[in-house]
Ligand code: LMR
């Protein structure tokens, strides 16, 4: 892997218009941590194909799925160093750099896919992406995976008290840690690529994730109690290294932007479909217990999580929060 990484960073060269290599191919290494047959995996492939078509092969996007190049703990640093040019970390992972992004991790901030689409493609989405620039990164789009559900190896999680005393895997995000503490549970941060091994070693009792991640990584084999709660949202910031971006010829930036717009529209629809298909797949396994929260039960969860909104407002004010709650415009 070390040799491979060195080879990649040395091979990737962007040629300015003034330089001799005007017609040399530009290679974009796009590293991500999930399987290929997931909303992010498929969007990355679609984007690669569109960029190649739109630039007549001048730009090649090489996609590295499954954390094969960098794990989610390493990918932001790798992007900043310029070892890869493009990544799509989950919102939660961006919160380590930009704490305001925690707004997207608030449980029940999105009611349905329509809400998600409005925020991701509207003014609030633009503002969130603009925050990345202060950190030397260019945000190109927000991609969607889907609503997070709760799974456990203990029992179905229906009432807030069902979480009490259990250990839950979380992504690195303070809001997510607080969310589980409010339920009387203990959060532990585990990088995505270690979740499967940690499950084998029984290092935690439950987690929240999308159906697509639960299905493609086989988590349900260890945690057969699945509650359809749709309480949180898993989305991604699609980011390029800023100095790489600025060195790209203008017409190439334009083609990449076009490809990204098309991919994002496609991803919003495809992600919903994918999670539905994967749920149907999981349902075929008769060892899985599936429970869908009623509206009344969802209300109880919402009440339990109300302090998270108060704390967020105290720390960051209410402007972005209200904007998102009002549909992102
Ligand atoms: C997770 O860590 O559970 C997710 O962020 C993985 C991903 O990128 O979908």
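In full-length UniProt numbering, the protein residues as written are 15 to 343.
Glycine included, each C-beta is placed from N, C-alpha and C at the ideal position.
Just so we're clear, the structure is a prediction, and the values are computed from it rather than from any experiment.
Self-check item: Reference residue 98, options 273, 48, 257, closest by Cα
Solution: When each option's Cα is compared against that of residue 98, the closest is 257.
Quiz item: What's the gap between the Cα of residue 291 and the Cα of residue 204?
Solution: The C-alpha of residue 204 is placed about 27 Å away from the C-alpha of residue 291.
Quiz item: If we ignore side chains and look at the alpha-carbon of each, how far apart do residue 174 and residue 192 end up?
Solution: Between residue 174 and residue 192, the C-alpha separation is close to 14 Å.
Quiz item: Any heavy atom of the ligand LMR within a distance shorter than 6 Å of the CB on residue 134?
Solution: Placement of the Cβ of residue 134 at a distance of 6 Å or more from every heavy atom of the ligand LMR is found.
Exercise. Can you grab the Cα-Cα spacing for the pair residue 329 / residue 143, in whole Å?
Key: Taking the straight line joining both Cα atoms gives about 20 Å.
Self-check item: 8 Å contact criterion, which residue 57 and residue 80 should meet: CB distance rounded
Solution: 15 Å between Cβ atoms; not a contact.
Exercise. Please state if the CB of residue 234 and the CB of residue 296 are separated by a distance shorter than 7 Å.
Key: Cβ distance < 7 Å, so residue 296 and residue 234 count as in contact.
Quiz item: Hey, is residue 11 close to the ligand LMR, as in C-beta under 6 Å from one of its heavy atoms?
Solution: There is simply no residue 11 to check, as the chain begins at 15 and stops at 343 in what is shown.
Quiz item: Could you give the residue range of the beta strand (DSSP E) that holds residue 128?
Solution: Looking at the DSSP string, residue 128 is not in any beta strand (DSSP E); the run it does join, the alpha helix (DSSP H), is 127 to 135.
Quiz item: How long is the line joining the alpha carbons of residue 31 and residue 38, rounded to whole angstroms?
Solution: At residue 31, the pLDDT of 48 sits below 50, so the modelled position is not reliable and the matter cannot be decided from this model.
Practice problem: State the start and end residues of the unbroken beta strand (DSSP E) segment that holds residue 99. | Solution: Taken as a continuous stretch (DSSP letters only), residue 99 belongs to no beta strand (DSSP E), as it is neither H nor E.
Quiz prompt | Beta-carbon proximity of residue 115 to residue 252, cut-off 7 Å | solution = Taking 7 Å as the Cβ cut-off, residue 115 and residue 252 do not qualify as a contacting pair.
Exercise. Take residue 207 as the anchor and find which of 131, 89, 195 has the nearest alpha-carbon.
Key: Looking at 131, 89, 195, the one whose alpha-carbon comes closest to that of residue 207 is 89.
Practice problem: Taking residue 62 as the reference, give the member of 337, 309, 271 with the closest Cα. | Solution: With respect to the C-alpha of residue 62, the residue from 337, 309, 271 having the closest C-alpha is 271.
Self-check item: Three-state secondary structure assigned by DSSP to residue 56
Solution: Residue state, collapsed to three classes: helix.
Self-check item: Boundaries of the beta strand (DSSP E) in which residue 183 is found, first to last residue
Solution: Run containing residue 183: 181 to 184, per the beta strand (DSSP E) assignment.
Quiz item: Using a Cβ-Cβ cut-off of 7 Å (strictly less than) and excluding sequence neighbours within five positions of residue 245, which residues of its own chain qualify?
Solution: Here the set comprises 121, 122, 162, 315.
Quiz item: Since residue 243 and residue 164 are thought to touch, with beta carbons under 8 Å apart, how far apart are those beta carbons, to the nearest angstrom?
Solution: Yes, residue 243 and residue 164 are in contact; Cβ-Cβ is about 5 Å, under 8 Å.
Quiz item: Alpha carbon to alpha carbon, what distance is there between residue 308 and residue 65?
Solution: For the pair residue 65 and residue 308, the Cα-to-Cα distance works out to about 44 Å.
Exercise. Name the residue from 298, 190, 95, 305 whose alpha carbon lies nearest to the alpha carbon of residue 166.
Key: Cα-wise, what sits closest to residue 166 is 305.
Quiz item: What is the residue span of the beta strand (DSSP E) that residue 159 lies within?
Solution: From DSSP, the beta strand (DSSP E) with residue 159 extends over 151 to 166.
Exercise. Measure from the alpha carbon of residue 127 to the alpha carbon of each residue in 148, 255, 294, 279, then state which is nearest.
Key: Closest option to residue 127, Cα to Cα, is 279.
Quiz prompt | Distance CB(residue 186)-CB(residue 194) smaller than 7 Å | solution = No, the pair does not count as a contact, with Cβ atoms beyond the cut-off.
Self-check item: Opening and closing residue of the alpha helix (DSSP H) in which residue 10 lies
Solution: Past the boundaries of the shown model lies residue 10; the chain is included only from 15 to 343, so the question cannot be answered.
Exercise. Quick one: using the 10 Å Cβ neighbour count with 16 as the cut-off for buried, is residue 152 buried or exposed?
Key: Residue 152 comes out buried.
Self-check item: For residue 235: DSSP bridge partner residues
Solution: Residue 235 is not bridged to any residue.
Quiz item: Of the choices 322, 139, 311, whose alpha-carbon is the least far from that of residue 155?
Solution: Selected option, being the one with the closest Cα: 139.
Practice problem: Taking only the alpha-carbon atoms, compute the straight-line gap between residue 146 and residue 283 and give it to the nearest angstrom. | Solution: Between residue 146 and residue 283, the C-alpha separation is close to 25 Å.
Quiz item: residue 185: beta carbon under 6 Å from a heavy atom of the ligand LMR?
Solution: Checking the Cβ of residue 185 against the ligand LMR gives yes.
Self-check item: Range covered by the beta strand (DSSP E) that runs through residue 122
Solution: It is not in any beta strand (DSSP E) - residue 122 carries neither H nor E in the DSSP assignment.
Self-check item: residue 72 versus 40, 264, 84, 276, residue with shortest Cα-Cα distance
Solution: With distances taken between Cα atoms, residue 72 lies closest to 40.
Exercise. Please confirm whether any heavy atom of the ligand LMR lies closer than 6 Å to the CB of residue 158.
Key: In this structure, the ligand LMR has no non-hydrogen atom nearer than 6 Å to the beta-carbon of residue 158.
Exercise. Could you pull out every residue in the same chain whose Cβ sits closer than 7 Å to the Cβ of residue 118, ignoring the five residues on either side in sequence?
Key: Closer than 7 Å at the Cβ level, and outside the excluded window around residue 118, lie 105, 247, 249.
Quiz prompt | Residue closest to residue 87, alpha-carbon to alpha-carbon, out of 190, 103, 226 | solution = Taking only the C-alpha atoms, the option nearest residue 87 is 103.
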